[in-house]
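These protein sequence lines are chains V and S, in that order. Counting in our numbering, the first sequence tops out at residue 618, every number present. Counting in our numbering, the second sequence tops out at residue 618, every number present. Reading through the structure tokens given below for one structure.
Number of protein chains: 2
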Amino acid sequence: MDTSLIAGVCRLFHTYVALGESWPMTKERAYFEAITLKEHGHLCPAHVPEVYHFDRAMSLIGMRYLEPPHIILRKGLIAGIEYPLLAEHISEYMARTLSSHHFFTVQPRSTKRAVAEFCGNVELCRLTEQVVFSDPYKVSQYNHWTSPYLDGDAEAVREDNTLKLEVAELKSMFCERAQALIHGDLHTGSVMVTHDSTQVIDPEFAFYGPMGYDVGAFVGNLILAFFAQDGHADPQNDRKAYKDWILRTIDETWNLFHKKFTALWDKHKDGSGEAYLPEIYNNPQLQLLVKQKYMKDLFHDTLGFGAAKMIRRIVGVAHVEDFESITDAGYRADCERRALDFAKMLLKERRKFQGIADVISAIQKVHT
Amino acid sequence: MDTSLIAGVCRLFHTYVALGESWPMTKERAYFEAITLKEHGHLCPAHVPEVYHFDRAMSLIGMRYLEPPHIILRKGLIAGIEYPLLAEHISEYMARTLSSHHFFTVQPRSTKRAVAEFCGNVELCRLTEQVVFSDPYKVSQYNHWTSPYLDGDAEAVREDNTLKLEVAELKSMFCERAQALIHGDLHTGSVMVTHDSTQVIDPEFAFYGPMGYDVGAFVGNLILAFFAQDGHADPQNDRKAYKDWILRTIDETWNLFHKKFTALWDKHKDGSGEAYLPEIYNNPQLQLLVKQKYMKDLFHDTLGFGAAKMIRRIVGVAHVEDFESITDAGYRADCERRALDFAKMLLKERRKFQGIADVISAIQKVHT
Numbered sequence: 251m252d253t254s255l256i257a258g259v260c261r262l263f264h265t266y267v268a269l270g271e272s273w274p275m276t277k278e279r280a281y282f283e284a285i286t287l288k289e290h291g292h293l294c295p296a297h298v299p300e301v302y303h304f305d306r307a308m309s310l311i312g313m314r315y316l317e318p319p320h321i322i323l324r325k326g327l328i329a330g331i332e333y334p335l336l337a338e339h340i341s342e343y344m345a346r347t348l349s350s351h352h353f354f355t356v357q358p359r360s361t362k363r364a365v366a367e368f369c370g371n372v373e374l375c376r377l378t379e380q381v382v383f384s385d386p387y388k389v390s391q392y393n394h395w396t397s398p399y400l401d402g403d404a405e406a407v408r409e410d411n412t413l414k415l416e417v418a419e420l421k422s423m424f425c426e427r428a429q430a431l432i433h434g435d436l437h438t439g440s441v442m443v444t445h446d447s448t449q450v451i452d453p454e455f456a457f458y459g460p461m462g463y464d465v466g467a468f469v470g471n472l473i474l475a476f477f478a479q480d481g482h483a484d485p486q487n488d489r490k491a492y493k494d495w496i497l498r499t500i501d502e503t504w505n506l507f508h509k510k511f512t513a514l515w516d517k518h519k520d521g522s523g524e525a526y527l528p529e530i531y532n533n534p535q536l537q538l539l540v541k542q543k544y545m546k547d548l549f550h551d552t553l554g555f556g557a558a559k560m561i562r563r564i565v566g567v568a569h570v571e572d573f574e575s576i577t578d579a580g581y582r583a584d585c586e587r588r589a590l591d592f593a594k595m596l597l598k599e600r601r602k603f604q605g606i607a608d609v610i611s612a613i614q615k616v617h618t
Numbered sequence: 251m252d253t254s255l256i257a258g259v260c261r262l263f264h265t266y267v268a269l270g271e272s273w274p275m276t277k278e279r280a281y282f283e284a285i286t287l288k289e290h291g292h293l294c295p296a297h298v299p300e301v302y303h304f305d306r307a308m309s310l311i312g313m314r315y316l317e318p319p320h321i322i323l324r325k326g327l328i329a330g331i332e333y334p335l336l337a338e339h340i341s342e343y344m345a346r347t348l349s350s351h352h353f354f355t356v357q358p359r360s361t362k363r364a365v366a367e368f369c370g371n372v373e374l375c376r377l378t379e380q381v382v383f384s385d386p387y388k389v390s391q392y393n394h395w396t397s398p399y400l401d402g403d404a405e406a407v408r409e410d411n412t413l414k415l416e417v418a419e420l421k422s423m424f425c426e427r428a429q430a431l432i433h434g435d436l437h438t439g440s441v442m443v444t445h446d447s448t449q450v451i452d453p454e455f456a457f458y459g460p461m462g463y464d465v466g467a468f469v470g471n472l473i474l475a476f477f478a479q480d481g482h483a484d485p486q487n488d489r490k491a492y493k494d495w496i497l498r499t500i501d502e503t504w505n506l507f508h509k510k511f512t513a514l515w516d517k518h519k520d521g522s523g524e525a526y527l528p529e530i531y532n533n534p535q536l537q538l539l540v541k542q543k544y545m546k547d548l549f550h551d552t553l554g555f556g557a558a559k560m561i562r563r564i565v566g567v568a569h570v571e572d573f574e575s576i577t578d579a580g581y582r583a584d585c586e587r588r589a590l591d592f593a594k595m596l597l598k599e600r601r602k603f604q605g606i607a608d609v610i611s612a613i614q615k616v617h618t
């Protein structure tokens with residue numbers, strides 16, 4: 251490639267992650283981000299910026315410059331901008347990246363090697379374990395919330411046995427289940443967008459983990475964006491239409507992901523994969539049953555992880571600008587409480603939801 | 251240690267595993283067996299033979315010689331010998347080895363490193379995937395059964411959609427879930443016994459996998475031994491009392507494992523582990539709920555994997571001497587069919603079983 255024609259940018263990794271100087275991190279995370287960008291870029295070039303150069307010693311990635319008007323999706327959601335292709339694009343990214351390492355397209359041999367390599371990204375996995383699955387459920391110096399308004403709500407999270415019982419299961423799955431090479435931090439701040447472009451960035455938390463963690467991160471952060479909208483309404487724009495667009499986007503994201511993921515499964519079912527051998531899964535009824543069971547479990551994992559990601563953004567260490575940018579603390583707390591209560595219900599009762607439409611209805615019920 | 255005082259034996263690994271020359275295997279499995287013997291021996295020295303020397307280049311393990319009257323447990327079960335301490339010993343081995351790598355006693359950092367290393371044992375994992383979770387459910391040159399008696403039964407296994415649906419879930423768990431450093435082949439041929447000694451050998455299939463695979467392998471093979479007893483009865487010994495002893499041993503194995511595993515959990519709950527932080531799981535009711543949920547899931551995994559291990563021993567490539575030593579083919583087939591039908595039911599309906607006592611009753615119902 252003729253680099254003189256390329257608009258490039260250098261991403262230089264420092265010792266500290268976004269959480270600040272209390273969280274020194276190995277620069278090795280640059281390596282895991284670089285190889286994940288390359289792997290995911292190979293699988294889904296349309297939605298992952300190209301890596302031109304990686305210098306491990308320098309912890310430096312030379313990659314495509316995402317030119318204006320690309321902005322961070324979260325900022326677009328706060329500004330009330332509709333992205334008509336977002337669901338189409340992000341579902342394409344998730345279906346391609348998550349399905350490829352599913353055993354129906356990849357040989358266990360190469361997968362096991364890759365799993366082994368990504369076990370090296372242990373520090374960032376441990377950070378996630380702490381800030382997502384542990385700190386919000388205990389007294390921690392790192393936790394904060396809109397006080398004093400949510401003091402009782404934060405305490406209620408720490409004292410909810412049923413909630414903590416379910417979180418234990420999700421944490422075990424996060425730590426133990428090497429299902430696919432996941433992005434590991436797929437919230438709306440890890441996606442850059444324009445009206446017709448969607449680019450997934452910052453996979454420094456990538457490892458072999460449960461697929462539902464990626465899908466849940468994205469869906470959960472859209473739900474957070476939804477509950478924050480009332481805080482961004484003004485006399486010129488009550489945000490009602492925009493809230494409807496967010497709900498449609500949540501609905502389309504899951505349904506398109508489901509459609510594309512299962513289509514890739516069908517496409518590869520006679521391929522080199524070993525999980526669902528055509529000689530065993532040899533009749534249409536069985537193939538349907540297997541897919542339905544698999545996607546139902548993935549859906550419930552998605553809701554569980556998505557809810558956990560919502561909770562940690564309200565009573566944990568790192569909050570989201572969707573809420574933080576609401577200046578009236580009392581009003582912000584009302585929005586956050588609605589999101590928190592919904593997330594607690596979703597995490598505890600996720601297995602009762604048959605499909606994404608049920609989730610949309612539940613959000614609407616909470617909100618009206 | 252003064253080696254002149256030690257009765258030792260050398261285990262030299264060849265290119266082929268028990269399945270014969272159709273299955274060439276890397277000698278590297280000697281390395282995984284050696285480090286697993288050392289690790290499990292460190293955790294449970296009473297029931298794992300000591301390794302004196304390992305030569306990786308030679309694929310040679312110098313280890314304790316298990317002197318007579320030690321014999322392979324499977325042969326003792328065929329001979330109708332009772333081992334009064336078997337359940338006590340094997341439950342101790344399983345509780346100590348499986349709990350130690352559970353996150354409540356081991357730091358994720360070291361666990362991740364170990365998981366990465368054992369990903370190298372990919373060939374033997376793939377062999378298990380094929381012979382346990384795939385071949386019995388499809389037409390395979392390797393499958394065989396007591397023909398023609400079980401021709402219809404073998405075909406029924408290959409055409410049972412519900413069974414294959416459940417096997418897919420177990421195979422995914424086997425491939426994806428790095429829960430503990432498991433033995434990987436804990437059937438009654440991997441245990442040597444005397445009246446008062448129980449020694450676990452041959453962990454060449456060891457890797458980070460689901461705990462239920464080990465517990466299930468042992469329990470499933472005891473159930474096979476039970477269903478084979480009628481084939482070993484003679485006018486002098488109808489084996490009725492011995493069948494009762496096997497059922498008592500199954501019952502005690504699970505109940506003692508449950509008791510010891512949860513006791514180790516309690517012992518380490520304030521320790522260095524990170525899965526169940528005492529600041530989160532901070533009240534007796536919650537601690538009980540978490541343990542009950544965890545052990546219930548482990549019990550159902552155990553029944554599922556145990557049933558899968560039974561099925562593969564009747565219609566798959568490698569059979570067990572318990573049945574093979576029954577010379578009358580028609581009579582052997584009757585015993586095998588009872589075991590196969592029970593295993594199919596157990597695999598499909600495992601979640602309905604509340605405890606091991608339900609399993610014992612179900613075995614007795616089938617049998618009378």
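Note that the Cβ used here is the ideal one computed from N, Cα and C, for glycine as well. Remember, it's a predicted structure, so these values are computed and weren't measured experimentally.
Under 7 Å by beta carbon: chain V residues contacting residue i
i, result
"glutamate 529 (chain S)", "Lys388 and Val389"
"serine 422 (chain S)", "Ala525"
Residue range of the alpha helix (DSSP H) that includes residue i
i, result
"cysteine 585 (chain V)", "579 to 599"
"valine 443 (chain V)", "Per DSSP, valine 443 (chain V) belongs to no alpha helix (DSSP H); it is in the beta strand (DSSP E), 441 to 443."
Where residue i falls: helix, strand or coil (DSSP)
i, result
"leucine 262 (chain S)", "strand"
"valine 389 (chain S)", "coil"
"aspartate 252 (chain S)", "Caution applies to aspartate 252 (chain S), whose pLDDT of 46 falls short of 50 and renders its modelled position unreliable; the value that the coordinates give is listed next. DSSP places aspartate 252 (chain S) in coil when its eight states are reduced to three."
"asparagine 487 (chain V)", "strand"
"tyrosine 458 (chain V)", "strand"
"threonine 619 (chain V)", "With chain V covering 251 to 618 only, the question about residue 619 (chain V) has no answer from this structure."
"phenylalanine 304 (chain S)", "strand"
"glutamine 542 (chain S)", "helix"
"leucine 527 (chain S)", "coil"
"leucine 436 (chain S)", "coil"
"alanine 430 (chain V)", "strand"
"threonine 396 (chain S)", "coil"
"histidine 569 (chain V)", "coil"
"asparagine 505 (chain S)", "helix"
"glycine 402 (chain S)", "helix"
"valine 298 (chain S)", "coil"
"alanine 257 (chain V)", "coil"
"glycine 619 (chain S)", "Nothing can be reported for residue 619 (chain S), as the shown portion of chain S is limited to 251 through 618."
"lysine 519 (chain S)", "coil"
"glycine 466 (chain S)", "helix"
"proline 534 (chain S)", "helix"
"serine 611 (chain S)", "helix"
Per-residue contacts from residue i into chain S (C-beta, under 9 Å)
i, result
"leucine 377 (chain V)", "Residues of chain S passing the Cβ test: none, with the nearest at roughly 11 Å."
Residue i classed as buried or exposed, judged by whether at least 16 other C-beta atoms fall within 10 angstroms
i, result
"leucine 420 (chain V)", "buried"
"tyrosine 315 (chain S)", "exposed"
"glutamine 604 (chain V)", "exposed"
"glycine 402 (chain S)", "exposed"
"lysine 594 (chain S)", "buried"
"threonine 361 (chain S)", "buried"
"arginine 582 (chain S)", "buried"
"aspartate 452 (chain S)", "buried"
Contact set between residue i and chain V, taken where Cβ atoms lie within less than 8 Å
i, result
"asparagine 411 (chain S)", "Asn533, Gln535, Leu536 and Leu539"
"arginine 363 (chain S)", "Cys369 and Val372"
Where the beta strand (DSSP E) through residue i begins and ends
i, result
"leucine 420 (chain V)", "No beta strand (DSSP E) contains leucine 420 (chain V), which is instead part of the alpha helix (DSSP H) from 411 to 426."
"lysine 450 (chain V)", "First, the amino acid is wrong: residue 450 (chain V) is valine here, not lysine. Looking at the DSSP string, the run of the beta strand (DSSP E) that includes valine 450 (chain V) is 448 to 450."
Chain S contact residues for residue i, given Cβ-Cβ distances below 8 Å
i, result
"glutamate 342 (chain V)", "Neighbours of glutamate 342 (chain V) on chain S: none; closest Cβ ~24 Å, over 8 Å."
Chain-ordered chain S contacts of residue i [CB-CB under 7 Å]
i, result
"serine 397 (chain V)", "Near serine 397 (chain V) there are no residues of chain S at all, since even the closest Cβ is about 20 Å away, more than 7 Å."
Interface residues of chain V facing residue i [CB-CB closer than 9 Å]
i, result
"alanine 418 (chain S)", "Ala525, Tyr526, Ile530, Tyr531, Val540, Lys543 and Tyr544"
"leucine 431 (chain S)", "None at all; the shortest Cβ gap to chain V is about 13 Å."
Contiguous beta strand (DSSP E) assignments of at least 3 residues, all confined to the region 307 to 372 of chain V: 310 to 314
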